[in-house]
Every structure is written in C-alpha cells, then in structure tokens.
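Novice:
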Amino acid sequence: MLEKYLPEGWHLNPRFVVSYKHSLAVSDAARRLANSISSLDPDTAYAYGLMHDVGKFHLELGELYKHPRMGYELLRGQYLDIAEICISHAFPDFSSFDHILRYCHDDTEEADAVYHILQGIPRTSYIDLVQFCDKISGVDGWMLLESKFDWYLSKSGMIRDEITNHYDMSLRAIKHRLDELAGEDVYGVLGIA
Ligand SMILES: [Fe+2]
91 MLEKYLPEGW HLNPRFVVSY KHSLAVSDAA RRLANSISSL DPDTAYAYGL
141 MHDVGKFHLE LGELYKHPRM GYELLRGQYL DIAEICISHA FPDFSSFDHI
191 LRYCHDDTEE ADAVYHILQG IPRTSYIDLV QFCDKISGVD GWMLLESKFD
241 WYLSKSGMIR DEITNHYDMS LRAIKHRLDE LAGEDVYGVL GIA
C-alpha cells in the first residue's frame, strides 16, 4: 500500500530508502504487538505502521517536521483512520502545545494547524501502538525507548528540559498502557529486553 503513495524513483534516493526500511520495522513491531493484544487487529496495525511516515516522501529535507500533517493531508480524503495515525505519531501528548511547537521548529503556523487537528482526534490504542513502535524502531530493528530517545536528543540537538522530559514521560505512559493491554512487558513480546 505504501508504494502507491511514493514518488517515482523513490528507491534511488537514500533518504527515502532509510525511511522505507524504518517504516517496515515499525509495521513489523506493530503487527507483532497487535498479535498479543486481543482488541487490536494485526493487519490493521501493520498497515498503520507502514503508512505513518508517508508524508516524509513528499517533503524536502528542511521541511521534514511537516511530515505528520503532510501524511494527514495526503490520506484524509480516502483513509481518515490512517491520516489520523500520520498526524498523531510524533505527538505523545496532544495537549502539549509546547512540544508540538518545538517539534515544528517554532513554525507557529504549522504548530497551530497540527494542534488544532489533534484536538479533534480521539487517542486510540492504535495511535499508542504506532507511536510506541515508531519510538523504538531504527532502520533495521528495535531498541529500548531510552536508547531511541537519547539518539533523538543528540540528532535534534535538543537537551533534557521540561518539554523533553514531559515527552519522555508521555512515551513511558504509552508503553505502560500497551503493557497493560498485552498483559506482559511489550519489550518481551518483541524480544528486546
Ligand atoms: Fe515520523
């Protein structure tokens, strides 16, 4: 399904190949975890994981912070459920405008638009699932939330402060909710721990 929304010749662009592999890692984790959570459908989880970053394939490097909303705009006409996964996957707390603004590189117009859309989206277990799987997935595999968070901080040049600490806590809360749903530690389900 993802291929249908990729630009022609995408496989010749190394950045797109990295994003594609990452999306496969996310979708694989999402399907495996959904297999352990009776209220979630594994095929749906796979499709959501695969599509969550589709917006990245339609933006220049300097605009990647816009990819959650780009994915939403691309898909909302046909697949509103996937569109909502796209716009929500970067934001563990929809009410944290400070984090949204920082994620959006202080582009207030983009942050306002994202915040406004997120307020109309109910936070579902699928949203938790894709967010968690995204935050543990690299290009070729999975890692602990802490490891990816440290990587994220160093890559983005961010430091630990009130906003990033809140982001970290919100991600841990998501993991906790998934642990509860699965009835076990989801790291164990994925063989990470
Ligand atoms: Fe993303």
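Numbering (this note's numbering), first residue to last: 91 to 283.
Backbone N, C-alpha and C fix where the C-beta goes; we use that ideal spot for every residue, glycine too.
These numbers were taken from a predicted model, which means no experiment stands behind them.
1. Just mark R159 as buried or exposed, buried being the case when its beta carbon has 16 or more other beta carbons within 10 Å.
2. Does the Cβ of I249 have 16 or more other Cβ atoms within 10 Å, making it buried, or fewer, making it exposed?
3. Looking at the unbroken alpha helix (DSSP H) that takes in V144, where does it start and where does it end?
4. What would DSSP say about S246, mapped onto helix, strand or coil?
5. Under 8 angstroms by Cβ, that's how I've got L261 and L219 pegged, so tell me the actual separation to the nearest angstrom.
6. Out of T134, I127, G228 and D196, which one is the CA nearest neighbour of K156?
7. Quick check on Q209: buried or exposed, where buried means 16 or more other Cβ atoms within 10 Å of its Cβ?
8. Quick one: is V107 buried, meaning 16 or more other Cβ sit within 10 Å of its Cβ, or exposed?
9. May I have the straight-line CA-CA distance separating A119 from T198, to the nearest angstrom?
10. Give a single yes or no on whether A137 has its beta carbon closer than 7 angstroms to a heavy atom of ligand 1.
11. Does DSSP classify S178 as helix, strand or coil?
12. Which residues count as close to ligand 1 when the rule is a CB under 7 angstroms from any of its heavy atoms, in chain order?
13. Could you tell me whether the Cβ atoms of V144 and I177 are closer together than 8 angstroms?
14. Check the DSSP bridge columns for S227 and list the partner residues they point to.
15. Taking only three categories from DSSP, how would you classify Q209?
16. Is it buried or exposed, R105, if we count other Cβ atoms within 10 angstroms and call 16 or more buried?
17. What residue range does the alpha helix (DSSP H) around Y193 cover?
18. With Y277 as the anchor, note down where its alpha helix (DSSP H) starts and where it stops.
19. May I ask you to report which of helix, strand or coil DSSP gives E270?
20. State yes or no: is the C-beta of M233 within less than 8 angstroms of the C-beta of I190?
Specialist: According to the data block:
1. For this step, residue 159 is matched to residue 69 along the sequence shown. Buried is the call here.
2. Position 159 of the sequence shown, counted from the first residue, corresponds to residue 249. Exposed is the call here.
3. For the purposes of this step, residue 144 is taken as residue 54 along the sequence shown, with counting starting at 1. It is not in any alpha helix (DSSP H) - V144 carries neither H nor E in the DSSP assignment.
4. Taking the sequence shown and counting its residues from 1, the one referred to as residue 246 is at position 156. Helix at S246.
5. Walking along the sequence shown from the start, residue 261 turns up at place 171. Walking along the sequence shown from the start, residue 219 turns up at place 129. That belief does not hold up - the Cβ atoms of L261 and L219 are roughly 13 angstroms apart, past 8 angstroms.
6. Counted from its first residue, the sequence shown places residue 156 at position 66. Considering only alpha carbons, the answer is D196.
7. Here residue 209 refers to the residue found at position 119 of the sequence shown. Burial call: exposed.
8. As a first step, residue 107 must be located in the sequence shown, where it is residue number 17. Result: exposed.
9. By 1-based counting over the sequence shown, the position of residue 119 is 29. By 1-based counting over the sequence shown, the position of residue 198 is 108. As the crow flies, the alpha-carbon of A119 is around 33 angstroms from that of T198.
10. Position 47 of the sequence shown, counted from the first residue, corresponds to residue 137. Not under cutoff, so the answer is no.
11. Counting from 1 along the sequence shown, the entry for residue 178 is found at position 88. Of the three classes helix, strand and coil, the one that applies to S178 here is helix, per DSSP.
12. The filter returns H142, D143, K146, H157, P158, H179, A180 and D224, in chain order.
13. Looking up residue 144 in the sequence shown gives position 54. Looking up residue 177 in the sequence shown gives position 87. With respect to I177, V144 sits apart: the two C-beta atoms are not nearer than 8 angstroms.
14. By one-based count along the sequence shown, residue 227 stands at place 137. Per DSSP, W232.
15. Within the sequence shown, numbered from 1, the residue matching residue 209 stands at position 119. Taken through DSSP and simplified to helix, strand or coil, Q209 comes out as coil.
16. Sequence index remark: in the sequence shown, residue 105 carries index 15 (1-based). R105 comes out exposed.
17. Reading the sequence shown from its first residue, position 103 is the one you call residue 193. Taken as a continuous stretch (DSSP letters only), the alpha helix (DSSP H) holding Y193 covers F187 to Y193.
18. Residue numbering aside, residue 277 sits at position 187 when the sequence shown is read from its first letter. From DSSP, the alpha helix (DSSP H) with Y277 extends over V276 to L280.
19. Walking along the sequence shown from the start, residue 270 turns up at place 180. Reduced to three states, the DSSP call for E270 is helix.
20. Residue 233 sits at position 143 when you count from the first residue of the sequence shown. Residue 190 sits at position 100 when you count from the first residue of the sequence shown. Taking 8 angstroms as the Cβ cut-off, M233 and I190 do not qualify as a contacting pair.
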